[in-house]
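Number of protein chains: 2
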Amino acid sequence: MTTVEEKTISSERIYEGTILNLRKDRVTIKDGKTSWREIVEHSGGVAIAAVTDEGKLVMVKQFRKAAESVMLEVPAGKTEPGEDIAAAAMRELKEETGYSADKLEHVSQFFTSIGYSTEVLHLYLATGLTPGETDFDENEAIEIYEYTTDELMEMIDTGEIADAKSIVAVLTVKMKGL
Amino acid sequence: MTTVEEKTISSERIYEGTILNLRKDRVTIKDGKTSWREIVEHSGGVAIAAVTDEGKLVMVKQFRKAAESVMLEVPAGKTEPGEDIAAAAMRELKEETGYSADKLEHVSQFFTSIGYSTEVLHLYLATGLTPGETDFDENEAIEIYEYTTDELMEMIDTGEIADAKSIVAVLTVKMKGL
Chain A
9 MTTVEEKTIS SERIYEGTIL NLRKDRVTIK DGKTSWREIV EHSGGVAIAA
59 VTDEGKLVMV KQFRKAAESV MLEVPAGKTE PGEDIAAAAM RELKEETGYS
109 ADKLEHVSQF FTSIGYSTEV LHLYLATGLT PGETDFDENE AIEIYEYTTD
159 ELMEMIDTGE IADAKSIVAV LTVKMKGL
Chain B
9 MTTVEEKTIS SERIYEGTIL NLRKDRVTIK DGKTSWREIV EHSGGVAIAA
59 VTDEGKLVMV KQFRKAAESV MLEVPAGKTE PGEDIAAAAM RELKEETGYS
109 ADKLEHVSQF FTSIGYSTEV LHLYLATGLT PGETDFDENE AIEIYEYTTD
159 ELMEMIDTGE IADAKSIVAV LTVKMKGL
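Sequence order for the protein chains is A and B.
Here the first sequence is numbered in this note's numbering, starting from 9 and rising by one per residue.
Here the second sequence is numbered in this note's numbering, starting from 9 and rising by one per residue.
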């Protein structure tokens, strides 16, 4: 068995929205057959593992409609059109937590839901933090917390942290021994 | 600032499909205002960190339309309606890699794209592997590989692995020292 590139035969536009679009592609698959792929188009964004001088990770808590619950996550957000990715990381960190970072390091990048979404997140490690004023988007309501990686590892075990990008961030910082 | 539950005022059904549905909710936000939330409904699934007796992680390679490229990932798939989650992990591991596992341990669970998708993945650690025949879905074309966690960590650094669930799996196995 080998991998087979799926060529698009036709594409149906289903929805164009604010944070995402949806399309349905008819594609070639193996053995000359065809199938359908439902694809969410998302412009992607950044997530930030921000580590304080005390070695704690800065976390934000907000209500998430998709989960119908309050979620504890690392700061994150969409990249704006034409915006440099590292600049987006600095901006989102400042907006959501008030912190500015002396040092920003690109750690990894990943599709969040490779089966159906074009969304790619870039994870940055931010250190040398200086506190300042937050600047939430008008429809954001966010609480800020700081935890050690050991506390966060425990929250992953209990399911209190249940967000993929945040788990990647916590495990990355834990592994780097920061 | 505190978190605010977003109550649904109205909900518009935009699409009902094969692997996902899309709806648009009008919700209450802070200060008595309202906003819109675009929500992808997805039934969720499983991902498997399968570690061989030689300490290698079993990976699968397949073309992914959302990425328009071949991706290296841990085995994963959707839970079938009414199916036990651990049984789904055993089934997907067998179908995609041929391996059966003596031991299956639930490691973590996470929303993949908390900003807009209801999809939750459950990550399992599978050990005590016995090889066997694969049983791909008819529209899957998959190659199987085995790598050490050090090799996989390097592939995360280079971007060759760029899939959130797979990064969580690799970092988890690396941290457990398997």
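Don't be surprised by glycine CBs; every beta carbon is placed ideally from N, CA and C.
One or two residues paired with residue i in a DSSP bridge
i, result
"E113 of chain B", "B:L133"
"V68 of chain A", "A:E81 and A:I152"
"V35 of chain A", "A:T16 and A:S43"
"R21 of chain A", "A:R31"
"D56 of chain B", "A small correction: the amino acid at residue 56 of chain B is Ile; Asp does not occupy that position in the sequence shown. The partner list for I56 of chain B (beta bridge, DSSP) reads B:Y132."
"V48 of chain B", "B:L30 and B:S125"
"K86 of chain B", "B:G53"
"S108 of chain B", "B:T138"
"F144 of chain B", "None; F144 of chain B has no bridge partner."
"D61 of chain B", "According to DSSP, D61 of chain B bridges with nothing at all."
"D171 of chain B", "A:F119"
C-alpha gap between residue i and residue j, whole angstroms
i, j, result
"H50 of chain B", "E24 of chain B", "11 Å"
"T87 of chain A", "G52 of chain A", "6 Å"
"E104 of chain B", "T42 of chain B", "45 Å"
"L28 of chain A", "R72 of chain B", "19 Å"
"R31 of chain A", "D165 of chain A", "36 Å"
"Y155 of chain B", "L65 of chain B", "5 Å"
"T11 of chain A", "T180 of chain A", "30 Å"
"D171 of chain A", "T36 of chain A", "33 Å"
"T142 of chain A", "Y107 of chain A", "8 Å"
"G40 of chain B", "K15 of chain B", "11 Å"
"G140 of chain B", "I47 of chain B", "39 Å"
"K182 of chain B", "G63 of chain B", "10 Å"
"S18 of chain A", "F144 of chain B", "25 Å"
"W44 of chain B", "R45 of chain A", "26 Å"
"D92 of chain B", "M98 of chain B", "10 Å"
"K111 of chain B", "K102 of chain B", "13 Å"
"T126 of chain A", "F119 of chain A", "7 Å"
"E113 of chain A", "M163 of chain B", "17 Å"
"K38 of chain A", "K184 of chain A", "42 Å"
"E13 of chain A", "T26 of chain B", "21 Å"
"Y153 of chain B", "Y153 of chain A", "40 Å"
Residue from the options with nearest C-alpha to residue i
i, options, result
"E151 of chain A", "A:S125, A:R21, A:V68 and A:T120", "A:V68"
"V128 of chain B", "B:R34, B:I164, B:K173 and B:R21", "B:K173"
"D158 of chain A", "A:T126, A:A177 and A:D143", "A:A177"
"V21 of chain B", "B:V12, B:D33 and B:T11", "This sequence places Arg at residue 21 of chain B; Val is not what is there. The shortest Cα separation from R21 of chain B among B:V12, B:D33 and B:T11 belongs to B:D33."
"E168 of chain A", "A:E148, A:K15 and A:M79", "A:M79"
"L186 of chain B", "B:R45, B:G136, B:A149 and B:G140", "B:G136"
"V115 of chain B", "B:T138, B:V54 and B:W44", "B:V54"
"M161 of chain B", "B:Y153, B:E148 and B:I175", "B:I175"
"Q70 of chain B", "B:K184, B:M163 and B:E148", "B:E148"
"E100 of chain A", "A:A109, A:P83, A:L112 and A:D110", "A:P83"
"A109 of chain A", "A:F119, A:T138 and A:T120", "A:T138"
Beta-carbon spacing of residue i, residue j below 8 Å
i, j, result
"L131 of chain B", "Q117 of chain B", "yes"
"I122 of chain A", "E76 of chain B", "no"
"A95 of chain B", "Y124 of chain A", "no"
Any non-hydrogen atom of the ligand NAD closer than 7 Å to residue i Cβ
i, result
"I169 of chain B", "Absent from the structure shown: the ligand NAD. Ligands present: none."
- Assess, as a yes-or-no matter, whether the stretch 78-87 of chain B is touched by the stretch 56-63 of chain A under the definition of 3 or more beta carbon pairs within less than 8 Å. Of all C-beta pairs linking the stretch 56-63 of chain A to the stretch 78-87 of chain B, fewer than three are shorter than 8 Å, placing the two stretches out of contact.
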